[in-house]
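Numbering (our numbering), first residue to last: 227 to 629.
First up is the structure itself, then whatever we jot down about it.
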Ligand code: HEC
Ligand code: HEC
Ligand code: HEC
Ligand code: HEC
Ligand code: HEC
Ligand code: HEC
Ligand code: HEC
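Structure below.
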């Protein structure tokens with residue numbers, strides 16, 4: 227009874243359904259239908275869909291236009307591999323018939339198609355717009371929580387369409403989703419696990435609500451200290467530089483767990499304990515070549531600790547002492563790209579004259595988010611740098627020159 231109440235049963239008109247219903251000559255299979263009704267012989271030939279997919283287009287009246295309600299946003303929901311959401315099945319919006327004669331298809335002779343949303347979608351459809359769990363809500367800060375089915379222009383599926391980024395208070399006001407949502411890439415609001423997005427489950431690192439520290443970490447963070455053996459010193463190899471990476475810094479971004487680990491969602495997650503009590507270190511895309519060697523507690527071929535010219539950094543994970551500017555790259559021009567040496571040593575120019583968004587004249591980092599992010603940030607008082615051609619133009623100092 228509860229289930230039925232939660233389903234929003236709505237009937238909608240379908241044009242010319244009766245004329246279309248021709249029984250297939252084959253005996254219908256007794257196997258359960260695959261959930262997505264990937265093209266079935268017979269469906270598209272006579273009635274709706276194309277060779278690749280049974281969903282409209284083509285609609286029952288032959289329309290191919292997304293502005294036609296029988297077509298609408300079908301193609302953006304089904305049969306597409308998405309980088310940002312879990313697959314949407316026909317069954318999320320319809321009862322999929324096993325054959326043309328199955329209940330739910332040619333059912334009650336009323337020439338109407340049923341749109342019966344699944345529990346996951348928990349939605350209502352009024353013939354024009356949908357209100358659904360999939361498209362978030364205004365309370366979550368979504369700008370288009372009731373999308374128009376026939377408006378297929380991308381404007382209703384931007385990051386802020388369904389929920390704020392992030393949602394408003396009481397949700398934490400923090401842009402780096404990966405800190406608490408293990409499904410996200412660190413820092414850039416893309417998905418490392420799109421299958422877990424819009425699947426009806428909010429994926430949150432339980433340590434955020436204080437759960438994981440029974441074995442490692444503290445009330446503040448699930449990262450060591452303390453490590454699995456109870457060590458708390460940063461010079462202890464398994465504690466190492468965790469705090470340095472997690473803590474806010476004047477010169478670098480906060481580095482989330484996902485930059486170096488596949489973070490488990492629960493203690494029982496298959497990504498978590500495999501029985502050896504040794505943490506798996508797996509760097510994200512900013513450090514594609516990064517390697518951690520446990521025997522020497524060393525990270526090598528690291529981008530982050532390199533000189534900005536490739537995956538060439540090496541650093542000891544538990545070495546004492548703070549990093550200085552020259553720990554990673556020179557500041558005297560030598561060993562730096564192009565005409566650094568000429569400008570720094572000969573012309574006595576300051577870094578800030580060409581890297582004005584990152585550093586100031588006192589050599590202080592002024593925007594930690596732009597430093598060690600995989601991009602060379604060039605901002606001069608006058609002129610532009612063409613990164614592809616490696617040329618500077620209109621600087622007011624000289625003609626267009628190659629760096
Ligand atoms: C996101 C929800 C959603 C999904 C997923 C979905 N549909 Fe639909 N479908 C609709 C809506 C809304 C309509 C329009 C109903 C109306 O005419 O008012 C519709 C209409 C139809 C129609 C009637 C078309 C016409 O010309 O009137 C067919 C056939 C259909 N869908 C088949 C499918 C198949 C097959 C799939 C999976 C491959 C699918 N749908 C997936 C929402 C969906
Ligand atoms: C500091 C931790 C933290 C950060 C950072 C964070 N979230 Fe969350 N988020 C949470 C927690 C905790 C919940 C679960 C809240 C609940 O269950 O009520 C949540 C829930 C959500 C939900 C589901 C809300 C609902 O009630 O259905 C969305 C959507 C979401 N977050 C989006 C984001 C986005 C987008 C970002 C990054 C721009 C982000 N979050 C960053 C902690 C965080
Ligand atoms: C079509 C609507 C829609 C769009 C567009 C959308 N989200 Fe979501 N998002 C949701 C829903 C619904 C949830 C609730 C949890 C779930 O079902 O996975 C969610 C949850 C989240 C969460 C919480 C973790 C999780 O997956 O449970 C994060 C983080 C998040 N979204 C980030 C983003 C970002 C970043 C973008 C833009 C690239 C985005 N979302 C675009 C609907 C959307
Ligand atoms: C900059 C990379 C980096 C980041 C960021 C990072 N870790 Fe680690 N982590 C490591 C390395 C390297 C080790 C392995 C130490 C060893 O085995 O010698 C490790 C080990 C661990 C261990 C095992 C400790 C032990 O006793 O063996 C846990 C637990 C852990 N990390 C959790 C986390 C959590 C949770 C976060 C985020 C809050 C995080 N880490 C962030 C690099 C990182
Ligand atoms: C029962 C003890 C225990 C609990 C509770 C626990 N962990 Fe762990 N954790 C471990 C062990 C042991 C390792 C070392 C990895 C191994 O053995 O393969 C580890 C390793 C990790 C790592 C390093 C990456 C990896 O998987 O190797 C991260 C990140 C991590 N845990 C996060 C968490 C989070 C988040 C929670 C809460 C959801 C949590 N842990 C709860 C015991 C625990
Ligand atoms: C942990 C290594 C590391 C340390 C320490 C470090 N840098 Fe960098 N820096 C980099 C990398 C890597 C780049 C390459 C550009 C990028 O990825 O943002 C860079 C780029 C720069 C740039 C070019 C602008 C840009 O970000 O693209 C300036 C200027 C700079 N660093 C100044 C400094 C100053 C000043 C300090 C000391 C306060 C410092 N750096 C400390 C790694 C480091
Ligand atoms: C005359 C302009 C200019 C000055 C002055 C300058 N840079 Fe650069 N810097 C550049 C340009 C242009 C690039 C981009 C090179 C590329 O992408 O090929 C760059 C790139 C970098 C990089 C990336 C690695 C590399 O060698 O290309 C670092 C790190 C960096 N600068 C640091 C600094 C620091 C630190 C200072 C001051 C000590 C400084 N730069 C002064 C123009 C300048």
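Note that CB positions come from ideal geometry on N, CA and C, so glycine has one too.
Buried or exposed by the 16-neighbour rule on C-beta atoms within 10 Å, applied to residue i
i: residue 310; result: exposed
i: residue 588; result: exposed
i: residue 540; result: exposed
i: residue 261; result: With a pLDDT of 42 at residue 261, under the threshold of 50, the modelled position of that residue is not reliable, and the figure given next carries that caveat. Exposed: under 16 other Cβ atoms inside 10 Å.
i: residue 228; result: Confidence in residue 228 is poor, its pLDDT being 30 and thus under 50, which makes the residue's placement unreliable; the coordinate value appears in the next sentence. Exposed, because fewer than 16 other Cβ atoms sit within 10 Å of the Cβ of residue 228.
i: residue 424; result: buried
i: residue 453; result: buried
i: residue 602; result: exposed
i: residue 385; result: exposed
i: residue 614; result: exposed
i: residue 560; result: exposed
i: residue 510; result: buried
i: residue 435; result: Note on residue 435: pLDDT 48, under 50, position unreliable in the model; no value is reported.
i: residue 600; result: exposed
i: residue 410; result: buried
i: residue 356; result: buried
i: residue 345; result: Annotation note: pLDDT 42 at residue 345 (below 50); position unreliable, coordinate value reported separately. Burial call: exposed.
i: residue 585; result: buried
i: residue 448; result: buried
i: residue 412; result: buried
i: residue 239; result: Low per-residue confidence applies at residue 239: pLDDT is 28, beneath 50, and the placement is therefore not dependable enough to give any value.
i: residue 288; result: exposed
i: residue 486; result: buried
i: residue 319; result: buried
i: residue 394; result: exposed
i: residue 402; result: buried
Top-ranked residue by Cα proximity to residue i, from the options
i: residue 579; options: 612, 519, 608; result: 608
i: residue 404; options: 563, 397, 482, 358; result: 482
i: residue 431; options: 386, 380, 484; result: 484
i: residue 388; options: 398, 377, 397, 373; result: 373
i: residue 546; options: 623, 459, 620; result: 459
i: residue 315; options: 354, 280, 479; result: 280
i: residue 529; options: 517, 523, 522, 466; result: 517
i: residue 503; options: 561, 464, 515, 297; result: 464
i: residue 553; options: 538, 564, 565, 563; result: 538
i: residue 377; options: 293, 414, 549; result: 293
i: residue 531; options: 555, 564, 366; result: 555
i: residue 520; options: 297, 626, 508, 599; result: 508
i: residue 301; options: 284, 317, 288; result: 284
i: residue 457; options: 441, 500, 570; result: 441
i: residue 606; options: 414, 597, 618; result: 618
i: residue 470; options: 620, 629, 549, 566; result: 549
i: residue 590; options: 563, 626, 475, 499; result: 475
i: residue 369; options: 576, 383, 505; result: 383
i: residue 594; options: 477, 419, 623, 361; result: 477
i: residue 439; options: 428, 497, 313, 455; result: 455
i: residue 353; options: 305, 364, 402, 297; result: 297
Unbroken beta strand (DSSP E) run spanning residue i, endpoints
i: residue 550; result: Taken as a continuous stretch (DSSP letters only), residue 550 belongs to no beta strand (DSSP E), as it is neither H nor E.
i: residue 524; result: 524-528
i: residue 293; result: Taken as a continuous stretch (DSSP letters only), residue 293 belongs to no beta strand (DSSP E), as it is neither H nor E.
i: residue 519; result: 517-519
Per DSSP, the bridge partner or partners of residue i
i: residue 350; result: 357
i: residue 542; result: 524
i: residue 532; result: Residue 532 pairs with nothing; no bridge assigned.
i: residue 367; result: 389
Endpoints, alpha helix (DSSP H) assigned at residue i
i: residue 302; result: 300-303
i: residue 471; result: 468-472
For this session: Please go through the region 561-627 and give each complete alpha helix (DSSP H) segment of 4 or more residues, from N-terminal end onward.
Result: Fully enclosed alpha helix (DSSP H) runs of no fewer than 4 residues are not present anywhere in the region 561-627.
Exercise. What are the complete alpha helix (DSSP H) segments, minimum 4 residues, inside the region 370-453?
Worked result: Here the runs fully enclosed are 385-388.
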